[in-house]
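Undergrad: Chains A, B, C and D, in that order, give the protein sequences. The first sequence: position 2 = 293 (my numbering), numbered continuously. The second sequence: position 135 = 426 (my numbering), numbered continuously. The third sequence: position 211 = 502 (my numbering), numbered continuously. The fourth sequence: position 168 = 459 (my numbering), numbered continuously. C-beta: ideal position from N, C-alpha, C; glycine also.
There are 4 protein chains.
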Amino acid sequence: MKKRNTMRIGLIGFGKTGKAVASVILQNEDFELRWILRRKKLLDHRSAADVLGIEVKNSDEGLIYSTSNTNLEDLMDTCPVDAIIDFSSGEGIYTYGESAAKRKIKIISAISHYKPKEIAFFKSLSQQTTVFWSPNITLGVNYLMISAKYLKKIAPWVDIEIVEEHFKGKEGTSGTALKIAEVLDMDKTQINSIRAGGIVGRHEIIFGFPYQTVRLIHESISREAFGNGVLFVAENLKEKGVGFYNFEDLLLPYFAD
Amino acid sequence: MKKRNTMRIGLIGFGKTGKAVASVILQNEDFELRWILRRKKLLDHRSAADVLGIEVKNSDEGLIYSTSNTNLEDLMDTCPVDAIIDFSSGEGIYTYGESAAKRKIKIISAISHYKPKEIAFFKSLSQQTTVFWSPNITLGVNYLMISAKYLKKIAPWVDIEIVEEHFKGKEGTSGTALKIAEVLDMDKTQINSIRAGGIVGRHEIIFGFPYQTVRLIHESISREAFGNGVLFVAENLKEKGVGFYNFEDLLLPYFAD
Amino acid sequence: MKKRNTMRIGLIGFGKTGKAVASVILQNEDFELRWILRRKKLLDHRSAADVLGIEVKNSDEGLIYSTSNTNLEDLMDTCPVDAIIDFSSGEGIYTYGESAAKRKIKIISAISHYKPKEIAFFKSLSQQTTVFWSPNITLGVNYLMISAKYLKKIAPWVDIEIVEEHFKGKEGTSGTALKIAEVLDMDKTQINSIRAGGIVGRHEIIFGFPYQTVRLIHESISREAFGNGVLFVAENLKEKGVGFYNFEDLLLPYFAD
Amino acid sequence: MKKRNTMRIGLIGFGKTGKAVASVILQNEDFELRWILRRKKLLDHRSAADVLGIEVKNSDEGLIYSTSNTNLEDLMDTCPVDAIIDFSSGEGIYTYGESAAKRKIKIISAISHYKPKEIAFFKSLSQQTTVFWSPNITLGVNYLMISAKYLKKIAPWVDIEIVEEHFKGKEGTSGTALKIAEVLDMDKTQINSIRAGGIVGRHEIIFGFPYQTVRLIHESISREAFGNGVLFVAENLKEKGVGFYNFEDLLLPYFAD
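1) Residue 264(A) CB to nearest chain D CB: under 8 Å?
2) 8 Å is my cut-off, CB to CB: does residue 310(B) come that close to chain A?
3) If we cut at 8 Å on Cβ distances, does residue 492(C) have a partner in chain A?
4) Return helix, strand or coil for residue 281(C), following the three-state DSSP convention.
5) Is the Cβ of residue 293(B) closer than 8 Å to any Cβ of chain D?
6) So, are the CB atoms of residue 449(B) and residue 499(B) less than 8 Å apart?
7) Under the rule that 16 or more other beta-carbon atoms within 10 Å means buried, what is residue 368(C), buried or exposed?
8) Does the region 368-377 of chain C come within contact of the region 297-310 of chain C, defined as at least 3 CB pairs closer than 8 Å?
9) Run down chain D in chain order and give the residues with a C-beta less than 9 Å from the C-beta of residue 487(A).
10) Could you tell me whether any Cβ in chain C is nearer than 8 Å to the Cβ of residue 428(A)?
11) Please state if the CB of residue 481(D) and the CB of residue 487(D) are separated by a distance shorter than 8 Å.
12) List, in chain order, every chain B residue whose beta-carbon is nearer than 9 Å to that of residue 483(C).
13) Does any CB atom of chain A fall closer than 8 Å to the CB of residue 446(B)?
14) Would you decide whether residue 359(B) is buried or exposed? Buried here means 16 or more other CB atoms lie within 10 Å of its CB.
15) Quick check: what's the CA-CA separation for residue 531(D) versus residue 547(C)?
16) Tell me residue 555(B)'s beta-bridge partners as DSSP assigns them.
17) May I ask you to list the residues that DSSP assigns as paired with residue 483(C)?
18) For chain A, find out if any of its Cβ atoms is closer than 8 Å to the Cβ of residue 459(D); answer yes or no.
19) Among the residues of its own chain, which have a CB less than 7 Å from the CB of residue 444(C), if the five just before and after it don't count?
20) Anyone know if the C-beta pair for residue 397(D) and residue 535(D) falls short of 8 Å?
21) Do the CB positions of residue 572(A) and residue 470(A) come within less than 8 Å of each other?
22) Taking 8 Å as the CB-CB cut-off, is residue 438(B) touching chain A?
23) In terms of DSSP beta bridges, what is residue 326(A) paired with?
24) Would you call the CB atoms of residue 508(A) and residue 451(A) closer than 8 Å?
25) Taking 8 Å as the CB-CB limit, is residue 513(B) close to chain G?
26) Residue 438(A) by DSSP, collapsed to three states: which one?
27) Quick one: what's residue 338(A) bridged to in DSSP?
28) In this structure, does DSSP put residue 375(A) in helix, strand or coil?
29) From residue 292(C) to residue 325(C), what distance separates their C-alpha atoms?
30) In whole angstroms, what separates the C-alpha of residue 503(D) from that of residue 457(A)?
31) Between residue 468(B) and the rest of its own chain, which residues show a CB-CB distance below 8 Å, the 5 nearest in sequence each way excluded?
32) Does the region 518-531 of chain D come into contact with the region 427-439 of chain D, if we say contact requires no fewer than three beta-carbon pairs (one atom in each stretch) closer than 8 Å?
33) Would a C-beta distance cut-off of 8 Å place residue 353(D) and residue 317(D) closer than the cut-off?
34) Helix, strand or coil: which one does DSSP assign to residue 491(B)?
35) Got a sec: is the Cβ-Cβ distance from residue 327(D) to anything in chain C below 8 Å?
Here it is as structure tokens:
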């Protein structure tokens, strides 16, 4: 039986970030993690709570299924969910997309990059159900981007610089920094990338005025930040109808007084 | 003859901040500093541009008048202005308030503290002309306060802390920090005040989420920041009618999409 | 047989920090984690590498022993170590202190607080072997304290302020901040404590000069920082003889040109 | 007659920085600004205190002389000084170098760049008197460089990044950042340069460790910082004999315990 007011979740993907997200969902009373679908056979039919060392009331909650061993249509019928959260890979949506859409299950995707083909598929699904996609699903970064956009609107002539800091091994410019640059109409070559030690992730937008400086900074502490972002999205999608949404769609109503 | 499109300004007060503001106005082609009124007799009838060492086309522009030697009504008639900017003191408005209001001259006040009596007087003037008051008239700080308010609205449960840094001698908590605390419904005792060396002024609002941190920072470089704030206000008051406005009233339209 | 040049380690304590430290030691080729001693019976005789999910060549390395089931003298004889690292509790030293000292095993303690009695015991042990104690065994914080001390020596009149930031639940002023204040001869009430969200740990020392500001900042990313600190200490104690050392003793030679 | 214990100063150069330095010297009781030599004829024979609006006991102190109108040998004889401070240009030393050296007047130069020929000349002068040269004569930046060098010595494998921030118009990489890179054996292309608004000057050295980050930051508030640096140098050169010194020579004794 469904718990009162809780939102039932199916999670796609159980890599490092998937695990962190599962851990946050399991510890939040307003959400119920019903099952996890992953490509690997490892941990098949084990409880996510058990694997992650989290104590939950109902240890049957959140069993892990392997794609190859599982009939997803059956799973969705015997163990129904209100929303599917996708932390798998670019092709993940083909596994669950149509089955979810025809059941009106909301789809929340946090995949970093999609090819045009996948985006088109997503848009077609959004004619049947509520579909959401954000390449960086943390509350802080998305807030920062909107806030920065407003400051640029207020002072279009202000000098803007972006500094992003990440651990030594990270290759290429951070996707989040590229997104910030895009939102602010900046050239992508202007981003300053710092690579040092084990920095988890830090983004700073510097607004240089003639006699004052404004700095908007986001610091990631751990991957679990994605979990909290997901829950914020799920909560704010509850009342949304059929359509294709991004993070800005959910945040803008808060900015309109 | 009035220059095309320029806004004609009368400045009340010529202390350290008044001078910095005058200097910014004199260097901006969209504004014309017509006269300055101050209490002291020092520098009477000298040109502000000359005193401040700024080269201007018309050195007759921006003469300094002492309150005691000047008939303000005459000055307003022979040398009319579109807006009066007040950087004097709490009682300054009694000098110019009624004369300005009946001539529909816009009033822009940057006085830090007013007593209830002065606020009441201000409100009565706002029935005849456009009246604006902001105790901290910099663009950055006012943007920060609104932005912070939105983040709290998005995540009402987030932990918030304020850190303000100023030069060693500054007494008491900074008025700007107190205002930020008020806007965010925080207890004023929660503000952390740093006093060290010659720090001009730095305000940081820290939003602590479970797995990420957002920091909004404003750094003052010099008093001239008030000048730029004043020009932003003057520009954005141009189309505003009779009424009593604050900085938030001018910024909110930029946030509404 | 002992590996060439590696240092053999016995670890006391296997709580959250003990685990992080074990994980760092296991991944460093210059050190060999021979055994772990803990109070709890949980995980008895299991391999630390296995428990922590770390791949090592020799999975017999680093077995976990429970104090109550283990004859420590026997363990030290059959499985000898060069150094003991203590992340247990204030009373931990009574378990291993004398047995280690008489075997000339180096003792490295990272316990936050000791009572005078334990410090006295430590000092007596230091007449037989090399003993080291640091309440905050990270390289960064200890470097910061020495560096700060030198800046105060260079400019004794400079204004100094300390800001420490930690997660919401942390009670009391951070021990590290108190230590910094002590080293800089500052009043402990001057420390500014920020408590917000999930901040792991951040210490900032602000030096306010009349026309410039110097900031020394240490940010903790995770507990594993203690592991790296321990390895630095172990490495730098190799050539040290009998005596009682702290972190400053190991760092100062680097500052002397 | 010379005041007790005060150091008598002759200043070469009276541009923006020269003025700021003069202003700091005039306000410090341990130093006496005897004269200023500049290339321009402007302000000839006026008092620096008067020009800068600073109240001093003896308004004859600190007269401004133009190079072309002045016999410097005569000036040095009738108005002797203990040290000459040079904020003029690369060729300034030819004006005063030999006259100062033969009178054993200490020479303190803060010129940013010298050509090899000038450096050679400086070195020859240092056989007769005490000669000091620092291209960035602030206490904070020089402290930062030495401190950073020690941290690299302690942890040679640490990742280091430099970020420098300056006002929009500043061309090229900051000389101070280049110097920091040189001191830390880093490639000059690794420096991240931010150009925005009116930022006076900010240098940050980031040390990335696997699980912690150390940041050393210097923020300039105004040019007067050079004045305080000069006074520190003059004070610390008092007891130094003939020879060629740099800032590191003066700071290192503070680091040696």
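TA: Working from what's here:
1) Residue 264(A) is absent from the model: chain A starts at 292 and stops at 548.
2) no
3) no
4) The first residue shown for chain C is 292 and the last is 548, placing residue 281(C) beyond what the model contains.
5) Per-residue confidence for residue 293(B) stands at a pLDDT of 49, beneath the threshold of 50, marking its modelled position as unreliable; the derived number appears in the next sentence. Not an interface residue.
6) yes
7) exposed
8) yes
9) 449, 450, 451, 452, 497, 498, 499, 500 and 504
10) no
11) no
12) 454, 483, 484 and 485
13) yes
14) exposed
15) 21 Å
16) Beyond the ends of chain B as shown, which are 292 and 548, falls residue 555(B); an answer cannot be given.
17) 454(C)
18) yes
19) none
20) no
21) Nothing about residue 572(A) can be read from this structure; chain A reaches only from 292 to 548.
22) yes
23) 301(A) and 354(A)
24) no
25) Note that chain G does not occur in the displayed structure, where the protein chains are A, B, C and D.
26) helix
27) 354(A)
28) strand
29) Reliability of the predicted coordinates at residue 292(C) is poor, the pLDDT of 48 falling under 50, and the value obtained from them is presented with this limitation in mind. Approximately 12 Å, taken between the alpha carbons.
30) 12 Å
31) 453, 455, 482, 484 and 494
32) yes
33) yes
34) coil
35) no
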